[in-house]
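>
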């Protein structure tokens, strides 16, 4: 009886194997299709791609700049104390102009030794290099400032240099909230691309069906300015008036690429 049952069971093995093979084949084909289309460029065959550019101009409302206080001393503490005195004066001057603490940020602080080679009597050639010895220390503190009342930018720079700032650099004029300007530039870029697509479709005697792909790459252009102090010309020690800083206009640019299906 057992032998009969075994024989009956083996009759179904080929059929089961065929069904299982078909199932696995379907799964493999489905996986290949998913691999090809999910996250891929599964675009229609008949397409055109156009580029559009939009620009928006606006007057900056924020000035940003950096300055340094550099001091030397025979010891680290002496150099730090000297730098702290000047930095406290600079901070007080900025706060007197209404600059808030949140807009004053330390961007670097360094303290390192200064070396000098000992002079030795040379009786042979080449003359050996003298041993290095520490002759003092230098402290360098860098501050980045954001001036929200842009008309006070020149006054603020004058205040920190008068307080003893050794270097002023990286002055730029930006817009605090560029989102609205970016959206406006994007709309102009899309409209530019749309008009180009319509004209191209007309020339090709085809019809625009739908947008199948879109990408954007926007950028802004802050305005930069250098002061006399930043050029190493002794601006911090010279009796000169506060610098006049023309801010000009900033340009917000949006570049878009749109692909249309055509028929």
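Numbering (this note's numbering), first residue to last: 1349 to 1611.
Positions of the beta carbon are idealized from the N, C-alpha and C atoms, including for glycine.
Between the alpha carbons of residue 1597 and residue 1531, how many angstroms are there, rounded?
Answer to the nearest angstrom: the Cα atoms are 18 Å apart.
> Determine the extent of the alpha helix (DSSP H) in which residue 1510 is found, giving its start and end residues.
Taken as a continuous stretch (DSSP letters only), the alpha helix (DSSP H) holding residue 1510 covers 1501-1511.
> What are the boundary residues of the beta strand (DSSP E) that includes residue 1411?
Looking at the DSSP string, the run of the beta strand (DSSP E) that includes residue 1411 is 1410-1421.
> Measuring only the C-alpha atoms, how far is residue 1433 from residue 1425?
Between residue 1433 and residue 1425, the C-alpha separation is close to 12 Å.
> Within 8 Å, do at least three Cβ pairs link the segment 1440-1453 to the segment 1539-1549?
Flag = no, the segment 1539-1549 and the segment 1440-1453 do not touch.
> Which of the three DSSP states is assigned to residue 1433 in this structure?
Residue 1433: helix per DSSP, three-state reduction.
> Considering only their Cβ atoms, is the gap separating residue 1561 from residue 1592 smaller than 7 Å?
Not in contact: residue 1592 and residue 1561 (Cβ atoms no closer than 7 Å).
> By DSSP, does residue 1381 sit in helix, in strand, or in coil?
In this prediction, residue 1381 scores a pLDDT of 48, lower than 50, which makes its location untrustworthy; no coordinate-derived value is stated.
> Pick out whichever of 1471, 1611, 1480, 1405 has its Cα sitting closest to the Cα of residue 1462.
Selected option, being the one with the closest Cα: 1480.
> DSSP state of residue 1469, grouped into three classes?
Here residue 1469 sits in coil by DSSP.
> Between residue 1603 and residue 1542, what straight-line distance do the alpha-carbon atoms span, to the nearest angstrom?
Each residue's alpha carbon lies about 13 Å from the other.
> In whole angstroms, give me the CA-to-CA distance for residue 1495 and residue 1510.
Going by the C-alpha atoms only, they are around 17 Å apart.
> To the nearest angstrom, report how far apart residue 1485 and residue 1518 are at their CA atoms.
Approximately 26 Å, taken between the alpha carbons.
> Going by DSSP in three states, residue 1592 sits in which element: helix, strand or coil?
Note: residue 1592 maps to coil in three-state DSSP.
> Going by C-alpha to C-alpha distance, which of 1490, 1475, 1525 sits closest to residue 1513?
Out of 1490, 1475, 1525, 1490 has the C-alpha closest to the C-alpha of residue 1513.
> What's the C-alpha gap between residue 1488 and residue 1417?
Their Cα atoms are separated by approximately 6 Å.
> Out of curiosity, what's the CA-to-CA distance linking residue 1555 and residue 1611?
When rounded, the distance between both Cα atoms is 5 Å.
> Could you pull the start and end residues of the beta strand (DSSP E) that residue 1494 belongs to?
Residues 1480-1495.
> If you compare alpha carbons, which of 1412, 1505, 1421 is closest to residue 1482?
Considering only alpha carbons, the answer is 1421.
> Is the segment 1397-1417 in contact with the segment 1520-1535, if contact means three or more CB pairs nearer than 8 Å?
The segment 1397-1417 is in contact with the segment 1520-1535.
> Give the range of the alpha helix (DSSP H) segment to which residue 1536 is assigned.
1527-1552 is the extent of the alpha helix (DSSP H) around residue 1536.
> Would you call residue 1558 buried or exposed, if buried means 16 or more other Cβ atoms sit within 10 Å of its Cβ?
Burial call: exposed.
> Helix, strand or coil for residue 1498? Go by DSSP, reduced to three states.
In this structure, residue 1498 counts as helix in the three-state DSSP scheme.
> Spatial neighbours of residue 1334 within its chain, please: CB distance less than 7 Å, with the 5 preceding and 5 following residues excluded, ordered by chain position.
Residue 1334 cannot be examined here, being either before or after the span of the chain that is shown, 1349 to 1611.
> Kindly indicate the opening and closing residues of the beta strand (DSSP E) around residue 1516.
1515-1522 is the extent of the beta strand (DSSP E) around residue 1516.
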